[in-house]
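Chains as they are written, first to last, in numbering that gives the first Met the number 0: chain A, 0 to 357; chain B, 0 to 78. Written below as structure tokens is the structure these notes are about.
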Amino acid sequence: MTLDELFQIAPYSLTKTEKDATLKDILNDLTRRHYAACPEYARILDAMKFDVAQNHECGELPFLPVRLFKQFELLSVPRDEITKTLTSSGTSGQAVSKIFLNADNVRSQTKTLNEIISSFIGKQRLPLLLLDTEMIKKDRSMYSARGAGIIGFSIFGRNSTYALDAEMNIDVDKVAAFFEEHQNEPILMFGYTYMIWQFVVRALEERNISFNAQNAVLFHIGGWKKLKDQAVDALEFNRRVQERLGNVKVYNYYGMAEQLGSVFVECEHGHMHCSNYSDVIIRRSKDFSEAEIGEKGLMELLSVLPVSYPGHVLLTEDEGEILGIDDCPCGRKGKYFKIHGRIKSAELRGCSDTYERR
Amino acid sequence: MTNEEKYTNAFCQAFDIDADTAKGLKFQAIDAWDSVGHMGLVAQIEESFDIMLEPDDIVDLNSFEKGKELLAKYNVEFA
Chain A
0 MTLDELFQIA PYSLTKTEKD ATLKDILNDL TRRHYAACPE YARILDAMKF DVAQNHECGE
60 LPFLPVRLFK QFELLSVPRD EITKTLTSSG TSGQAVSKIF LNADNVRSQT KTLNEIISSF
120 IGKQRLPLLL LDTEMIKKDR SMYSARGAGI IGFSIFGRNS TYALDAEMNI DVDKVAAFFE
180 EHQNEPILMF GYTYMIWQFV VRALEERNIS FNAQNAVLFH IGGWKKLKDQ AVDALEFNRR
240 VQERLGNVKV YNYYGMAEQL GSVFVECEHG HMHCSNYSDV IIRRSKDFSE AEIGEKGLME
300 LLSVLPVSYP GHVLLTEDEG EILGIDDCPC GRKGKYFKIH GRIKSAELRG CSDTYERR
Chain B
0 MTNEEKYTNA FCQAFDIDAD TAKGLKFQAI DAWDSVGHMG LVAQIEESFD IMLEPDDIVD
60 LNSFEKGKEL LAKYNVEFA
């Protein structure tokens with residue numbers, strides 16, 4: 000199956016056997032493509048004595064550590080074909096990743112996100128409340144991952160309204176007017192987990208203000224690191240969001256700047272799901288072998304989308320575990336998993352060292 | 000105003016360009032038509048014809064010509 004054929008079917012429909020075969024074809028093709036077009040990538044594969052001529056199982060494809068995109072400019076198309084250079088937000092205060100996108104890559108990312116999100120909310124475009132500041136899209140030369148996420152999400156909505164002002168204060172009147180105007184229809188909301196917590200939930204709690212949305216869906220992304228420090232988990236987050244905003248169905252999702260589009264959404268049962276466009280492999284940090292279901296390890300993420308940069312097989316700095324395959328009670332096929340959070344950077348140096356020698 | 004004029008005008012308004020530049024324009028061919036500008040264009044087109052595009056069509060709208068093709072689905076005919 001090709002990427003175009005994947006776009007024709009429901010995004011959580013492939014069972015393990017079908018999906019393994021599909022990903023194997025597409026990812027091996029991508030490996031060859033990047034090998035031929037990206038000299039740095041080719042050198043890494045050569046150093047590993049990896050034979051690109053053969054088709055390999057997905058688990059055997061060489062993974063690049065995500066931080067390589069911080070250290071090197073890796074691209075697989077001529078520079079003049081690049082239409083967007085995406086930079087990660089770099090919360091850790093370290094160097095930022097640079098991801099080079101051509102028009103095809105941007106397009107397939109958007110299309111994939113559309114397939115995934117509309118499988119949750121339908122194809123109709125709902126009134127959209129963005130729990131962030133409009134300032135995020137002002138500086139367009141700097142295409143940050145945060146801004147890109149917001150713009151990318153905008154296609155699912157209409158009457159896009161930003162809830163926060165330039166100083167990240169919630170504009171209560173504006174939000175009230177939005178809920179008032181759309182009180183008889185379903186509403187869509189989007190934002191970053193920590194921004195929502197700090198500038199919406201906590202801000203409203205301090206001012207003792209609540210809204211009463213009747214039928215809303217919230218998608219949020221961005222990770223739990225800062226919230227863990229405040230001992231806030233998903234259940235607590237959802238409860239407090241609902242307390243302040245009303246009847247809101249909350250969906251958390253996970254994705255990296257390095258693989259935008261093929262995101263992982265948490266289902267009604269609290270499980271993160273791989274779609275047809277992506278997969279997760281958990282690796283043991285001691286020797287990078289594949290872990291069993293239920294065993295914690297480093298998360299390797301596969302995506303069928305990266306064509307203009309060699310980011311189709313990446314080793315993240317996050318720890319997770321596979322919970323099961325094809326049998327989540329929500330009915331979605333594919334692997335489902337749990338994320339345990341970022342590993343400590345001390346451990347990280349170990350794995351990049353080992354990577355060199357692998 | 001004919002549909003052709005309305006449609007061209009939506010591009011001119013969204014990107015602050017003249018009609019000649021609009022015709023034949025492709026996504027990301029000018030700085031203004033990036034992903035932010037794209038949503039502005041969608042809003043202009045929707046307002047001009049009083050329609051609402053589906054997300055699929057917003058993604059597929061990648062050139063001046065392609066947009067005309069897509070609008071047929073919304074009963075916007077071009078002579």
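We put the beta carbon where it would ideally sit given N, CA and C, even for glycine.
Item: Give the residues of chain B in contact with residue 117 of chain A, contact being defined as C-beta atoms less than 7 Å apart.; Value: 54
Item: Can you give, in chain order, each stretch of the alpha helix (DSSP H) that sits fully within the region 21-63 of chain B and has at least 4 residues?; Value: 34-48, 54-59
Item: At the 8 Å Cβ level, is residue 136 of chain A part of the contact set with chain B, yes or no?; Value: yes
Item: Under 8 Å between the Cβ atoms of residue 83 of chain B and residue 102 of chain A?; Value: Outside the shown range of chain B, which is 0 to 78, sits residue 83 of chain B, and nothing can be said about it.
Item: Please report the distance separating the alpha-carbon of residue 199 of chain A from that of residue 130 of chain A.; Value: 7 Å
Item: Near residue 41 of chain B, which residues of its chain fall below 8 Å by C-beta distance, leaving aside the five closest residues on each side in sequence?; Value: 52, 57, 60
Item: Let's see if you can read the secondary structure: which residues bound the alpha helix (DSSP H) around residue 312 of chain A?; Value: Note, residue 312 of chain A: premise wrong, no alpha helix (DSSP H); beta strand (DSSP E) at 312-324.
Item: For residue 215 of chain A, which beta-bridge partners are listed by DSSP?; Value: A:186, A:247
Item: Under the three-state reduction of DSSP, which class applies to residue 209 of chain A: helix, strand or coil?; Value: coil
Item: Using a threshold of 8 Å, state whether the C-beta atoms of residue 144 of chain A and residue 107 of chain A are closer than that.; Value: no
Item: Taking Cβ positions only, does residue 26 of chain B come closer than 8 Å to chain A?; Value: yes
Item: Under a CB-based cut-off of 8 Å, is residue 106 of chain A close to chain B?; Value: yes
Item: Of all the options A:203, A:218, A:193, which has the alpha carbon lying nearest to the alpha carbon of residue 232 of chain A?; Value: A:193
Item: If you follow the beta strand (DSSP E) that residue 279 of chain A is in, where does it begin and where does it stop?; Value: 277-282
Item: Beta-carbon separation of residue 261 of chain A and residue 277 of chain A under 8 Å?; Value: yes
Item: Please classify residue 47 of chain A as buried or exposed, where buried requires at least 16 neighbouring CB atoms within 10 angstroms.; Value: exposed
Item: Under 7 Å Cβ-Cβ, which residues of chain A neighbour residue 57 of chain B?; Value: 154
Item: Thinking just about the alpha-carbon of each residue, which of A:280, A:197, A:152 is nearest to the one in residue 169 of chain A?; Value: A:197
Item: Would you check if the distance between the CB atom of residue 62 of chain A and the CB atom of residue 98 of chain A is smaller than 8 Å?; Value: no
Item: Starting from residue 75 of chain A and walking both ways along the alpha helix (DSSP H), at which residues does that stretch end?; Value: Unbroken run through residue 75 of chain A: none, as it is neither H nor E.
Item: May I ask which residues mark the beginning and end of the alpha helix (DSSP H) holding residue 9 of chain B?; Value: 2-14
Item: Could you check what DSSP says for residue 76 of chain B in three-state terms: helix, strand or coil?; Value: coil
Item: Would residue 27 of chain A count as contacting chain B if we go by Cβ distances under 8 Å?; Value: no
Item: Give every residue of the same chain whose Cβ lies closer than 7 Å to the Cβ of residue 181 of chain A, excluding the five residues on either side of it in the sequence, and list them in chain order.; Value: 126
Item: Given residue 350 of chain A, which residues of its chain have a CB within under 8 Å of its CB, disregarding the five upstream and five downstream residues?; Value: Only weak support is given to the placement of residue 350 of chain A: the predicted model assigns it a pLDDT of 36, under 50, and the value that follows is read from those uncertain coordinates. Cβ neighbours of residue 350 of chain A beyond the five flanking positions: 64, 284, 287, 297, 314.
Item: Identify the continuous beta strand (DSSP E) that holds residue 125 of chain A and give its terminal residues.; Value: 125-132
Item: Considering only the alpha carbon of each residue, which of A:183, A:132, A:229, A:272 lies closest to residue 246 of chain A?; Value: A:183
Item: Under 8 Å, do residue 307 of chain A and residue 100 of chain A count as touching if we go by C-beta distance?; Value: yes
Item: When you compare each of A:316, A:332, A:317 to residue 323 of chain A by their alpha carbons, which one comes out closest?; Value: A:332
Item: Which same chain residues, not among the five before or five after residue 340 of chain A, have their C-beta less than 7 Å away from its C-beta?; Value: 223, 224, 227, 317, 318
Item: Just the chain B side, please: which residues come within less than 7 Å of residue 110 of chain A by C-beta, in chain order?; Value: 58
Item: Enumerate in chain order the residues of its own chain whose CB-to-CB distance from residue 120 of chain A is below 6 Å, with the five nearest sequence positions on each side excluded.; Value: 216
Item: Buried or exposed for residue 25 of chain B, please, with buried defined as at least 16 other CB atoms from any protein chain shown within 10 angstroms of its CB.; Value: exposed
Item: By how many angstroms is the C-alpha of residue 243 of chain A removed from the C-alpha of residue 235 of chain A?; Value: 12 Å
Item: Who are the near neighbours of residue 75 of chain B in its chain, counting only those whose CB is closer than 6 Å to its CB and skipping five residues on each side?; Value: 2, 48
Item: Return the Cβ separation of residue 326 of chain A and residue 15 of chain A in integer angstroms, given the expectation that the two are a contact with Cβ distance under 8 Å.; Value: That pair is no contact at about 10 Å.
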